[in-house]
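Chains A and B are the protein sequences, given in the same order.
Residues in the first sequence are numbered from 114 upward in steps of one, following this note's numbering.
Residues in the second sequence are numbered from 1473 upward in steps of one, following this note's numbering.
Written below as structure tokens is the structure these notes are about.
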Amino acid sequence: MSTQDKRLLLLHEQDNVLVCCQNIPAGSELLIEGKPVVLSTAVELGHKLARRDIAVAEKIARYGLPIGSATQAIRCGQQVHTHNMKSDYLASHHRDAVEGHT
Amino acid sequence: MNANAMPELRGYLRSDGRKGIRNVVLVAYLVECAHHVARQIVNRADHPDVQLIGFPGCYPNDYALKLMKRLCTHPNVAGVLLVSLGCEGFNRDALNAEIAATGRPVKNLIIQQSGGTRTTIDEGTRWIQEARKQVAGIAPVPMALDELVVATICGGSDGTSGISANPAVGHCFDRLVAAGATCIFEETGELIGCEQIMAERAVTPELGEEIQACVDKAARYYTTMGYGSFAPGNADGGLSTIEEKSLGAYMKSGASPISGIIKPGDFAPAGGGLYLMDVVPDGEVRFGFPNISDNAEIVEMIASGAHMTLFTTGRGSVVGSAISPVIKVCANPDTYERMTEDMDINAGRILHGEASPDEVGQEIYMQVIDIARGQATKSEDLGHQEFILTYKHFDALGPACLPRR
């Protein structure tokens, strides 16, 4: 599909995120749904970018299924990760987590 | 080999009718206090088919006894040396009797009676030499693909796992199930968010309800523990939530109908099919996390008869296992480049557009056959024989878990 960058993978028509299939440096120009976007931060292989603008509390969809919801408004082409989305089941923990708290 | 022809395997026939693809002699310590002696016996044997397993606790546990019975009578196992300290709580007589009833050579050394460390190591070394001679005489017989039990697990998942390695294993599972083999997938704590779509694949509506209930149980259990089954490395690799990790993990199960639920050490009914293993303990939360690391899950599927495990990894795991070989399927092309020496299959090619999940699935299927015929996996070659068994509690399976066919 010529409207989509080859470095980005759309897994399902209903998804609002795209998956990077290689490391993409900051400042790279990407084509998302025919729209040119400049990447503000480097994004690594396996990470996700917003396919369109996403509103606060909107479900994030990958594989056509919900994988959590947005904790803030996300612009098309921004990285979608733990800083701007959360689980609707169990919070994800980090290495600096205190036992029993996430 | 023609991929459509039913390939013939070779297996070691055991007294219960099951066949093994390996002919291992185990040395099993029955409390941590006997670990060193058992390990020295294995080190002295210095042979890939003499392997160490064990249970560290001094308190008895029904689950641990059941799993040790299943593991010591696994078709890949030809004989067992049990090593006790003497005062521990493990029911060594029950385990010994279970193994002896199968006709396998078995011996229980009790360090406190043998005279101590060196004496027991010497006695154990002599016994292993005799047992090795005895089991070397077991000739392999023809084995069909539908006699094979294959497990799958993911470890060190990242954002690529659900796109490349996991769907490829799913395709391989579909082929194996179609050929009549038994396939097991697991870790209900990593299927959170998939319960609805998974329940729809159950062979009966009642089984579908049981599937939903066991994922609910996992979510409750992990909520009490304070953590989901989600490691910091998962986030480093691009996964943001447990449900994102779960949906990726779920791809390993393929598209076959789900024939039933089993718990660790339960056998799937004859006739093959796809089974979900419920690994999260029943009842109130006790003994800690359901599975403290990947090998705990691998051991549970081996206890249910798995001849080998398909292990998908994005971040790059290196583990193998005692008893049953582990085939490593690498999801991430960068990880594969870095860790080729540990990886059997490069599923990262899918992300570069060089292969489809179906093609890699076929490659894994062919690998399964080669490994079943005796070829060593990378982790076997490297000497990986990880093993871990800890405390758990399970209730018996409900009647809806294994629908009659």
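Positions of the beta carbon are idealized from the N, C-alpha and C atoms, including for glycine.
Every value quoted in this text rests on a predicted model; they were computed, and no experiment measured them.
- The beta carbon of H125(A) sits no closer than 8 Å to any beta carbon of chain B.
- Shortest Cα-Cα distance from S1828(B) to any of T1591(B), K1605(B), P1532(B), A1640(B) involves A1640(B).
- Secondary structure note for L144(A): its beta strand (DSSP E) is the uninterrupted segment 142-145.
- For Y202(A), no beta strand (DSSP E) segment is defined, and its DSSP state is neither H nor E.
- With its beta carbon less than 8 Å from one in chain A, T1632(B) belongs to the interface.
- Using a Cβ-Cβ cut-off of 8 Å, T184(A) does not count as an interface residue toward chain B, since no Cβ of chain B sits closer than that to its own.
- Residue contact check for S153(A) against chain B: no CB pair falls below 8 Å.
- At least 8 Å separates the beta-carbon of C1802(B) from that of D1750(B).
- The three-state reading of DSSP puts G1705(B) in helix, counting H, G and I together.
- In this structure, L1711(B) sits away from P1729(B), with a CB-CB distance that is not shorter than 8 Å.
- At the C-beta level, R1516(B) and I1593(B) come within 8 Å of one another.
- Within the DSSP bridge table, the entry for M1838(B) names no partner.
- Taking C-beta atoms as the reference points, V130(A) and G1631(B) fail to come closer than 8 Å.
- With the rule of 3 Cβ pairs closer than 8 Å, the stretch 1619-1635 of chain B does not count as touching the stretch 1845-1858 of chain B.
- One finds G1665, E1715 in chain B with Cβ atoms closer than 8 Å to the Cβ of P179(A), taken in chain order.
- Of all alpha-carbon atoms in G1489(B), C1530(B), G1492(B), V1496(B), the one lying nearest the alpha-carbon of H1507(B) is that of C1530(B).
- H196(A) and A1536(B) have their C-alpha atoms roughly 41 Å apart.
- Within the stretch 1671-1697 of chain B, complete alpha helix (DSSP H) segments of at least 4 residues are found at 1677-1697, given in chain order.
- At a cut-off of 3 residues, the continuous stretches assigned as beta strand (DSSP E) that sit fully inside the stretch 1742-1790 of chain B are 1745-1749, 1780-1785.
- Neighbours of S1586(B) in chain A, taken as residues whose beta carbon is under 9 Å from its own, are absent, since the nearest beta carbon is some 42 Å off.
- Counting only Cβ-Cβ distances below 9 Å, D201(A) has contacts in chain B at G1665, T1713, E1715, in chain order.
- Of the candidates E1852(B), G1760(B), D1738(B), R1876(B), the residue whose Cα lies closest to the Cα of D1867(B) is D1738(B).
- The straight-line gap separating the alpha-carbon atoms of Q1839(B) and G1609(B) is approximately 27 Å.
- 8 Å or more divides the Cβ of E1658(B) from the Cβ of Y202(A).
- If you keep only unbroken alpha helix (DSSP H) runs of at least 4 residues inside the stretch 1582-1627 of chain B, you get 1583-1586, 1589-1608.
- For A1640(B), the enclosing alpha helix (DSSP H) begins and ends at 1637-1650.
- Residues of chain A with a Cβ closer than 7 Å to the Cβ of T1695(B) are, in chain order, L203.
- Chain A places a beta carbon closer than 8 Å to that of G1700(B), counting this residue as a contact.
- Under a 10 Å Cβ-count criterion, D1518(B) is classified as exposed, with fewer than 16 other Cβ atoms of the shown protein chains found around its own Cβ.
- According to the DSSP assignment, R1482(B) belongs to no alpha helix (DSSP H) but to the beta strand (DSSP E) extending over 1480-1485.
- With a cut-off of 8 Å on Cβ pairs, the stretch 134-145 of chain A is not in contact with the stretch 170-186 of chain A, counting fewer than three such pairs.
- Taking 8 Å as the Cβ-Cβ cut-off, the stretch 1783-1806 of chain B approaches chain A at G1786, N1804, P1805, D1806, given in chain order.
- G1698(B) and E1595(B) have their C-alpha atoms some 47 Å from each other.
- Looking at T1785(B), F1759(B), R1486(B), the one whose alpha-carbon comes closest to that of A1611(B) is R1486(B).
- The stretch 1756-1763 of chain B makes contact with the stretch 1858-1866 of chain B: 3 or more CB pairs, one atom from each, lie closer than 8 Å.
- When 9 Å is used as the limit between beta carbons, A1691(B) is near these residues of chain A: Y202, L203, in chain order.
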